[in-house]
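Heads up: the sequence shown begins at 231 in this note's numbering, then just goes up one per residue.
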Amino acid sequence: MGVLMNLLWFLSSVARAVSPFVLLFLVLRWFFRRSENLPPGPRELPFIGSLPAIVWGLMRRGLQPHHVLGRFAERYGPVFRVNLLNKTVVMLDDFKSTKAAFQHPQLNDRPPGALGKGVSGTSGEQWIEMRRFCLNVLRSFGVGKSSFEEKIGAEGEELLKEMSAFQGKPFNPRPPFGSAVSNVICSVVFGKRYDYEDQDFKRLLALLNKVILSSGTGGIVVFTKGFPRLPFFKSKLKRMRADHADIYAFIRRIIDSHRSELDPHNPSDFIDVYLMAVQRNASRNATPTVANGATAKPEKYSHLNETNLLYTVNDLFSAGSETTVTTMEWCLLYMAIHPEIQQRVQAEIDAVVGRNRLPRLADKPGLNLTRAVIWEVQRMASIVPLGLPHVAASDTQFQGFLIPKDTILVSNLWRINRDPKLWPEPEKFKPERFLNDEGKAFKPEEFIPFGVGRRICLGEHLAKMELFIFFSYFMHQFTFQKPADAPPYTLEGKSSITFSPLPFEICAVKRD
């Protein structure tokens, strides 16, 4: 006991002696870093960095994280830095800087652990390999091709039935939207769809939604390592991990079922193909057979294992459903707020499609206003206002500034979508900005709802198909109105990784 007490006394004495030097080192490090050729930014304090300035901005009524960071850009320019608990974050506030940074080979990694170990959160060769594999398999099952239209259309018809059941009475659109969009992903990943009232399915969707909402103000919490050490965020992170564990348990049960029933000659979904690749990994020659008897290009998938499968399936669900569901919510909200535009979209669909069938992908060339409305909703709503974080793989010179290794880079997509130099009258809802002089739909280069560069969204093609089919179905079958006794709709929203509308109810009135 005496030896232990002496040891503790010695260690405490050393700590007292060393602490002033540690403190001095940190202060000097902070002071001298200010002289490096870093991007400008708000005043930084030792240990807490720019946090007081950001918190002050967030406390002001109506300001969201992307608003606060946008105000910093007005003072410091389109490339500036903030310091969050000793972690440097470089903000990119315009399209030019965002495109240049996210196409730079040294600025394309992800912060370790911020987005998990699936295809969204990995870097380097592992990310390249996993992304290539996922894209090959998804394409083999028709994602992004007209052959996949039947699956989305069938789910769209189920969604129409669900909405019709409310008989024009107010309802919250998020639950049925979440079920429909997730079922499309289920058909590819699990090889099945779920009934909207299936309790396990409803619990999975609730957990996915909870994790997204808990990800932190503007998603920044999950990007930095300092926040989880704070008492409030410690408990929040603990809840998030528990929710993630439940999601992974659900997915793991599905994977176990697939493994026990796997037919190597007839893979029916993404999990089957992935499991076959894992089995072949031992020979270092994973050449998965994909749908319809085709084969992917022979190559080694050395990073494919069941742990990564678990994370990748979670990626496909969380990223592939949340953004599409949120966009669909905003679409209905904007149509109810702008009934004159809703009527024009309906008239266009009626003229091109008629009243005897539902719209098809083949109708897209004639549905220019319909497509322009979807794009204008994406611009106005800025579903992922701060995008997903990149990290510098090495010290990098960028636009005259030093970006040190491990610096996080975040693009303020909300500011890009509100840039008056790109979008005249940016605060106005004007779908016509996406129509040329002949009335044909076109997308400017600066319109990047799915990101830009090598990290562009993996589910871009699927999301585009879903948004067009579902939205055109809605406009063909219903007129959307605010409930008579409801307060005026607001375009304010709540920030997590996504920016979603405040909870609302709407009436879907059946068209003749």
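Yeah, the Cβ is synthetic: ideal placement off N, Cα and C, and Gly gets one too. Only a predicted model underlies this, so the values are computations on that prediction, with no experimental measurement involved.
>> Whole angstroms are fine: how far does the CA of LEU389 sit from the CA of SER409?
In response: 9 Å
> What span of residues does the beta strand (DSSP E) with GLN711 cover, start to end?
Replying inline: 708-711
> Expressed to the nearest angstrom, what Euclidean distance is found between the alpha-carbon atoms of HIS488 and THR542?
Replying inline: 16 Å
> Can the beta-carbon of LYS347 be found less than 8 Å from the beta-carbon of VAL682?
Replying inline: no
>> Checking 8 Å against the spacing of the C-beta atoms, do LEU539 and TYR564 come in under that value?
In response: no
> Any chance the region 561-579 sits against the region 691-710, with 3 or more Cβ pairs inside 8 Å?
Replying inline: yes
> Of all the options MET705, ALA577 and ASP649, which has the alpha carbon lying nearest to the alpha carbon of ASP323?
Replying inline: ASP649
> Between VAL312 and PRO272, is the Cβ-Cβ spacing less than 8 Å?
Replying inline: yes
>> I need the DSSP call for ASN313, collapsed to helix, strand or coil.
In response: strand
> Would you call SER377 buried or exposed, if buried means 16 or more other Cβ atoms sit within 10 Å of its Cβ?
Replying inline: exposed
> Of the residues LEU275, VAL309, ALA303 and ILE278, which one's Cα is nearest the Cα of PHE631?
Replying inline: VAL309
>> Using a 10 Å radius around the Cβ and a threshold of 16 neighbouring Cβ atoms, would you call ILE477 buried or exposed?
In response: buried
>> Does VAL575 come out as helix, strand or coil in the three-state DSSP assignment?
In response: helix
> Is LEU499 near VAL603, with beta carbons less than 8 Å apart?
Replying inline: Reading the sequence as shown, one finds Asp at residue 499 and not Leu. For ASP499 and VAL603, no; Cβs fall outside 8 Å.
>> Within the continuous alpha helix (DSSP H) that includes ILE646, where are the two ends?
In response: 643-647
>> Only counting the same chain, and skipping five residues up and downstream in sequence, which positions put a Cβ closer than 8 Å to that of ASP473?
In response: LEU437, LYS440, VAL441 and SER444
> Going by beta carbon distance, what residues of the same chain come within less than 8 Å of VAL252, once the five residues before and after it are set aside?
Replying inline: In this prediction, VAL252 scores a pLDDT of 48, lower than 50, which makes its location untrustworthy; the coordinate-derived value is nonetheless stated afterwards. Cβ neighbours of VAL252 beyond the five flanking positions: none.
>> Run through the DSSP bridge pairs and tell me what GLY279 is partnered with.
In response: LEU275 and LEU314
> Taking C-alpha atoms, which residue in HIS296, GLN294, LEU288 and GLY307 lies nearest to LEU268?
Replying inline: GLY307
> Could you check where the alpha helix (DSSP H) with THR557 kicks off and where it finishes?
Replying inline: 536-567
>> So, for LYS670: in the same chain, excluding its five sequence neighbours on each side, which residues have a beta-carbon less than 7 Å away from its beta-carbon?
In response: ASN598
> Hey, CYS364 and LEU688 are a contact pair by Cβ (cut 8 Å); roughly how many whole angstroms apart?
Replying inline: 6 Å
> Taking the alpha-carbon positions, what's the LYS660 to GLU274 distance?
Replying inline: 40 Å
> For VAL607, which residues of its own chain have a beta-carbon under 7 Å away from its beta-carbon, when the five flanking residues on both sides are left out?
Replying inline: THR557, TRP560, CYS561 and TYR564
> Are the CB atoms of LEU643 and PRO615 nearer to each other than 8 Å?
Replying inline: yes
>> So for ILE633, helix, strand or coil by DSSP?
In response: strand
> If CYS737 and GLY386 are in contact, beta carbons under 8 Å, what's the gap, nearest whole angstrom?
Replying inline: At roughly 20 Å, the Cβ-Cβ gap does not stay under 8 Å, so CYS737 and GLY386 are not in contact.
> How many Å lie between ASN547 and ILE481 at the Cα?
Replying inline: Just to set this straight, residue 547 is Phe in the shown sequence, not Asn. Approximately 10 Å, taken between the alpha carbons.
> For THR537, is the classification buried or exposed, using 16 other Cβ atoms within 10 angstroms of its Cβ as the cut-off for buried?
Replying inline: exposed
> PRO682 by DSSP, collapsed to three states: which one?
Replying inline: Strictly speaking, residue 682 in this sequence is Val, with Pro absent from that position. In the structure shown, VAL682 sits in coil (DSSP, three-state: anything other than H, G, I, E or B).
> With a Cβ-Cβ cutoff of 8 Å, do PRO403 and ILE638 count as a contact?
Replying inline: no
>> Rounded to the nearest angstrom, what separates THR553 and TYR424 at their Cα positions?
In response: 20 Å
> Using DSSP with H/G/I as helix, E/B as strand and the rest coil, what is ASP473?
Replying inline: helix
> With 16 as the cutoff for other CB atoms within 10 Å, does HIS495 come out buried or exposed?
Replying inline: exposed
> Straight-line CA distance for VAL739 to ILE579?
Replying inline: 17 Å
>> Could you tell me the alpha carbon to alpha carbon distance between LYS658 and GLY617, rounded to whole angstroms?
In response: 22 Å
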